[in-house]
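Chains as they are written, first to last, in the working numbering: chain A, 18 to 270; chain B, 18 to 270.
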DNA sequence: TCAAAAGTGTTTAGCATACACCCATGC
DNA sequence: GCATGGGTGTATGCTAAACACTTTTGA
């Protein structure tokens, strides 16, 4: 009941503050335990999951709106965020029909029209450091948590498509833009960086060639320290040279 | 006067048929006389130019809306059309302020607000065969014609930025996707294809290496004929293998 | 002392670059 | 015949891929 009132209040009092017919959706990638993860939200009183997203204030830049949603869900600032595609099909209900979606989410019939108007949605993906994130649900959701990308269930709307395309874009970028700064802790080992690349690309890489290539980019600084406590030979720790990394992001590797 | 009434009629009777706060803009590239060209519109009663664009019907897919505008301006079907970026800044008036734009276009003060609402605009670029195009102005414009990309004047809104980014995207795609099918006539010579590449990339290419590379892609079929009438040795004519070309577009070269 | 992981260097192959000669055509 | 442009082949260099041995560590 409270939820339905919340929906009504949102529609009547707040929806007009935002641009109509446009929204943003976020594919937030994190890396943990050798797995690529994505942050999903479970809707109130349902078992259904979707990507986080949000609307755009009337006086807010598009990028700023995406950034705001990202901060709200993760608590993070200064993260890598990039637009990758705008989804504009009339029928964006893929796994579940529009009607079925409304029922599953317990949206009262008289609110369907207002709440599920047709939107053009601008898709962004973000790369964040797993350990730094505090997953936080929004007003319409009960739970916010990481899912392994490979194990994501059928999502609401066209969000499985979004994740697929975000990942494809990320893979392509890997070859001409540096990745890692925002997905790894400040200090990391070469094997850790390699696991990240292997996970994103979905294929094994040669240890020696990988190291050569990474070092050749000139973005890494090897520290004196080694990572101890592992069961085997202690690997060196590395750190990204922030300035060079930023420049490489701008201009390509 | 007629123009102002047209504007009023549009706002009152037609604007509601479209999604609000979203539009599409098109950068239509053509190739002629060894120059890369872009199709621009001159607004009624003004000397100011902009990219063609349009709004999205409430029951129309985003891509379909872009495609429809493209057909209306060029008369063409079956052209290469691709989304490249969504422009969502609040202030998209770059060369001329919002106020100045209204004055230059002769928009009555009482219509500023309605007609120049803030829009998020999805940018598409298209590649078309120059000779096949019939440039056609829309209801708000007097003239539609090709401009050399390098000589485009300061445009309305953020359209110079759009062209710049469209061109950048096209250049990047050149290296992993085939280009040419939609920019050249069905039969063309290797030197013609090379001019096209050189024009897009803005730099000269080696004749011999270019030919080797193009043929290595396996997308070209050499015809028996040669192009006669030129002042020099008759070059062979080539044609794209449409099936392989389509496959290469999907999967990358 | 052994298994598992990490550090390092060399060889090889493929692709992109650089480059030179011959042929056809119009003036 | 000569200037201009078109057709073709080969040598070279660089980057990416393939690959092996040694070192460190905890069990």
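Glycine residues also receive a C-beta, built at the ideal position from the N, C-alpha and C atoms. Please read these numbers as outputs of a predicted model, since none were measured by experiment.
- Along the stretch 245 to 270 of chain A, none of the residues has a CB nearer than 8 angstroms to a CB of chain B.
- Put simply, the CB of residue 28 of chain A is far from chain B, with every gap to its CB atoms at 9 angstroms or more.
- Assigned with DSSP and collapsed to three states, residue 149 of chain B falls in helix.
- With a cut-off of 8 angstroms on Cβ pairs, the stretch 142 to 152 of chain B is not in contact with the stretch 249 to 266 of chain A, counting fewer than three such pairs.
- The three-state secondary structure of residue 86 of chain A, taken from DSSP, is helix.
- For residue 189 of chain A, the three-state secondary structure derived from DSSP is helix.
- Under the Cβ criterion of 9 angstroms, residue 124 of chain B is not counted among the residues facing chain A.
- The C-alpha of residue 99 of chain B lies about 35 angstroms from the C-alpha of residue 49 of chain A.
- Residue burial is scored here from C-beta neighbours: residue 199 of chain B has at least 16 other C-beta atoms within 10 angstroms and is therefore classed as buried.
- The C-alpha of residue 44 of chain A is placed about 6 angstroms away from the C-alpha of residue 180 of chain A.
- Going by DSSP, residue 242 of chain A is part of no alpha helix (DSSP H) but of the beta strand (DSSP E) stretching over 237 to 243.
- Pairing residue 40 of chain B with residue 71 of chain B gives a Cβ-Cβ distance under 9 angstroms.
- For residue 182 of chain A against residue 249 of chain A, the beta-carbon gap comes to about 38 angstroms, at or over 8 angstroms, which does not count as contact.
- Annotation: the continuous alpha helix (DSSP H) that includes residue 130 of chain A extends over 126 to 132.
- The beta carbon of residue 222 of chain A sits closer than 8 angstroms to the beta carbons of 211, 214 and 215 from its chain, once the five residues preceding and following it are set aside; these are given in chain order.
- In terms of Cα proximity to residue 204 of chain B, the closest of B:175, B:235, B:195 and B:253 is B:253.
- Going by C-alpha positions, residue 68 of chain B is about 40 angstroms away from residue 54 of chain A.
- The beta carbon of residue 234 of chain B sits closer than 8 angstroms to the beta carbons of 195, 265 and 270 from its chain, once the five residues preceding and following it are set aside; these are given in chain order.
- About 5 angstroms separates the beta carbon of residue 66 of chain A from that of residue 172 of chain A, a gap short enough to meet the 8 angstroms contact definition.
- Minimum Cα-Cα distance from residue 237 of chain A among the listed residues A:21, A:256, A:33 and A:126 corresponds to A:256.
- For residue 101 of chain A, the uninterrupted beta strand (DSSP E) segment begins and ends at 97 to 104.
- Taking the C-beta atoms as reference points, residue 152 of chain A is found no nearer than 9 angstroms to residue 109 of chain A.
- Distance check between residue 47 of chain B and each of B:162, B:155, B:219 and B:146 places B:146 closest, using alpha-carbon atoms only.
- Contact note: residue 182 of chain B does not reach chain A at a C-beta cutoff of 8 angstroms; the least C-beta distance is about 11 angstroms.
- Within 10 angstroms of the beta-carbon of residue 42 of chain B lie 16 or more other beta-carbons, which makes it buried.
- The Cβ neighbour count for residue 245 of chain B, taken over all protein chains shown within 10 Å, is under 16; the residue is labelled exposed.
- Here residue 137 of chain B is buried: its Cβ has 16 or more other Cβ atoms, across all protein chains shown, within 10 Å.
- For residue 70 of chain B, there are no neighbours in chain A by C-beta distance under 9 angstroms, as the nearest C-beta there is about 14 angstroms away.
- In the three-state DSSP reduction, residue 52 of chain A falls in the strand class (E or B).
- Under the 8 angstroms Cβ criterion, the stretch 125 to 135 of chain A counts as touching the stretch 22 to 35 of chain A, having at least three qualifying pairs.
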